[in-house]
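In the UniProt record's numbering, the protein residues as written are 1 to 172.
Take a look at the structure set out below.
The structure is reproduced here in structure tokens:
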């Protein structure tokens, strides 16, 4: 997330909802037996275009989730959501996970599964078609979905770059 069109957001004053994507139990075998730890990945968002994800690790599930929520609030970004969908189709890859997102007309619903659904719901997207190919590892799927959403450009930005009116961008 080092791109120039990424708009970072401060969590102050925002009403953020968190969604647990996955909890993973990790076992470390020591001389005294097995030591269990937990890692959690969480997505937070205000359901109006502001989202973030975080990873937390701890010996207990509850504290791992709490740490993940705190981490997610430190990494909030703004993504363009227009009429509860995305402005144009996009795809992204992270690790072995490959995500494809396409805007859909009103009433289509959120055609997405698992980690992709959690990210899009947190962003406030209600109508989109998605396909997740490759790895189903929730960590990589969340990061690939974020990369896809961060690649989206606003119509106003495209009109300004091309030097044409906003109507010309939509109607050719």
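Just so it is clear, CB atoms sit at the ideal spot from N, CA and C, and this is done for glycine as well.
Small disclaimer: the values here were computed from a predicted structure and weren't measured.
Within the UniProt domain "S5 DRBM" (16–79), the runs of beta strand (DSSP E) that reach at least 3 residues and sit entirely inside it are, in chain order, 17–30, 33–45, 50–58.
Beyond the five residues adjoining it in sequence on each side, residue 15 comes within less than 7 Å, by CB distance, of 46 in the same chain, given in chain order. As a beta-bridge residue in DSSP terms, residue 98 pairs with 93, 133.
Under DSSP, residue 8 takes part in a beta bridge, and its partners are 77. The DSSP-derived three-state label of residue 87 is coil. By the C-beta density criterion, residue 167 is exposed, having fewer than 16 other C-beta atoms within 10 angstroms. When beta bridges are read from the DSSP output, residue 103 appears opposite 128. Within its own chain, the residues whose Cβ lies closer than 8 Å to the Cβ of residue 125, once the five positions on either side in sequence are excluded, are 81, 84, 85, 86, 110, listed in chain order. By the C-beta density criterion, residue 35 is exposed, having fewer than 16 other C-beta atoms within 10 angstroms. DSSP places residue 115 in the uninterrupted alpha helix (DSSP H) bounded by 114–123.
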